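The block underneath contains the structure these notes are about, expressed in structure tokens.
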Amino acid sequence: MNLMRRWLLFMFTGLVFAPTVMLWAQYTPRDEKLPGEPVKQPLPYSHKVHVGLGLKCLDCHKIEKPGYMAGYPQEATCMACHASIKADSPHIQKLAEIEKSGTRVPWVKLYAVPNYVYFSHEAHHKEAKIECVECHGDVAQRDVLFKEKSTAMTTCMDCHAQRQASNNCGFCHDPHPE
Ligand code: HEC
Ligand code: HEC
Ligand code: HEC
Ligand code: HEC
Ligand code: HEC
0 MNLMRRWLLF MFTGLVFAPT VMLWAQYTPR DEKLPGEPVK QPLPYSHKVH VGLGLKCLDC
60 HKIEKPGYMA GYPQEATCMA CHASIKADSP HIQKLAEIEK SGTRVPWVKL YAVPNYVYFS
120 HEAHHKEAKI ECVECHGDVA QRDVLFKEKS TAMTTCMDCH AQRQASNNCG FCHDPHPE
């Protein structure tokens, strides 16, 4: 390759990659303390107790459109049991009030990605068959949840590299149609 062609190739590569490298240089992981502090939730709900009763993750966290969030269960799902179970507990009375008023229990969210990041439970759990425990820890054994696993960009990218999923910037940062 003569010097001129090598120079042109170098310039071209630079033009293509420079914006990416510049964006990349702006990336500083947000502070993420792991494990996170246990969170005071509005009701003393225990995964250990409820999963111990034989309830399945997807009974309460239905992975649905739009966005394929896992979401929180409808209060009616809880009241199917609690209309009779522990109905005299003040916590259950609070739950019953919320359900009757048609509002939602204000659960504190532990796992979140910024809205410029696309993430889908459908793609990861239902299609790629990754278990909840891999990204959320041993929830079934916890009375109180706390953030156990990282949601940093590097964590996403490490697994994508291992599992041969794409690490193109646009894969996670383009607004997807659904
Ligand atoms: C399959 C039936 C069932 C469902 C559905 C269910 N629970 Fe429970 N829940 C129980 C049982 C059984 C206990 C344990 C009762 C005991 O300690 O004797 C319990 C205990 C509780 C307690 C502790 C109450 C206290 O004062 O001791 C809370 C709070 C609670 N559940 C909230 C919820 C919420 C919120 C939902 C919905 C997300 C829910 N439960 C769904 C059966 C259920
Ligand atoms: C009876 C309904 C019920 C079942 C069954 C259930 N969950 Fe939950 N889940 C909840 C409720 C209510 C919350 C909010 C309170 C809390 O964080 O403990 C929650 C919160 C979570 C969170 C925290 C999400 C966030 O960012 O706030 C994760 C992760 C989670 N559940 C995973 C699981 C997994 C994994 C299973 C199965 C092993 C499971 N859940 C089974 C009701 C349920
Ligand atoms: C590949 C990693 C991964 C897997 C597997 C996974 N989650 Fe998540 N989960 C996340 C991320 C990342 C978020 C934050 C998403 C957001 O803010 O948009 C999240 C958020 C949640 C939330 C909070 C509410 C919501 O939808 O944002 C719940 C509840 C939850 N996950 C439950 C589950 C359950 C139950 C399973 C298994 C059926 C599961 N997750 C599997 C990574 C994962
Ligand atoms: C434990 C491994 C693992 C982790 C952690 C993980 N992913 Fe993935 N991701 C995958 C696999 C496997 C696929 C499927 C790739 C395919 O189908 O080619 C995938 C697919 C995707 C897709 C394509 C979804 C679609 O609709 O086709 C996006 C976007 C994505 N991941 C974003 C993220 C983000 C953002 C995070 C971090 C918050 C993350 N992933 C964490 C393994 C992971
Ligand atoms: C596998 C998914 C994934 C891929 C691929 C990915 N990112 Fe990210 N990116 C994320 C997640 C998740 C966050 C948010 C992390 C957090 O919560 O701090 C993020 C955050 C960022 C931020 C904001 C950082 C800040 O200061 O808040 C920038 C800039 C960024 N990414 C650039 C890029 C560039 C450039 C590429 C391509 C080289 C890329 N990303 C590829 C998942 C991804």
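Just so you know, numbering that gives the first Met the number 0 puts 15 at position 16 of the sequence shown, and the rest follows in order with no gaps. Note that beta-carbon positions come from the ideal geometry of N, C-alpha and C, so glycine has one too. Being a predicted model, the structure only gives us computed values, none of them experimental.
Checking the sheet assignment: what are the DSSP bridge partners for residue i?
| i | result |
| --- | --- |
| E63 | M68 |
Given residue i, which residues of its chain have a CB within under 8 Å of its CB, disregarding the five upstream and five downstream residues?
| i | result |
| --- | --- |
| F145 | P34, G35, E36, P37, V38 and L109 |
| T76 | D58 and C59 |
| V48 | D142 |
Specify the secondary structure class of residue i as computed by DSSP and reduced to three states.
| i | result |
| --- | --- |
| G101 | coil |
| V50 | helix |
| L14 | Reliability of the predicted coordinates at L14 is poor, the pLDDT of 47 falling under 50, and no value is obtained from them. |
| F118 | coil |
| Q163 | coil |
Should residue i be listed as close to ligand 2, given that the test is whether its C-beta is under 7 Å from any heavy atom?
| i | result |
| --- | --- |
| V48 | no |
| Q40 | yes |
Between residue i and the rest of its own chain, which residues show a CB-CB distance below 6 Å, the 5 nearest in sequence each way excluded?
| i | result |
| --- | --- |
| E147 | P34 and G136 |
Could you check whether the Cβ of residue i sits closer than 7 Å to any heavy atom belonging to ligand 3?
| i | result |
| --- | --- |
| A139 | no |
| L54 | no |
Between residue i and ligand 1, is the CB less than 7 Å from at least one heavy atom?
| i | result |
| --- | --- |
| S88 | yes |
Just to check, is the beta-carbon of residue i closer than 7 Å to a non-hydrogen atom of ligand 4?
| i | result |
| --- | --- |
| Y117 | yes |
Inset, instruction - Determine, using beta-carbon pairs with one atom in the segment 80-96 and one in the segment 119-137, whether at least three such pairs fall under 8 Å. - result: no
Inset, instruction - Spell out a yes or no on whether the segment 44-55 and the segment 154-169 are touching, meaning 3 or more CB-CB pairs, one atom from each, closer than 8 Å. - result: no
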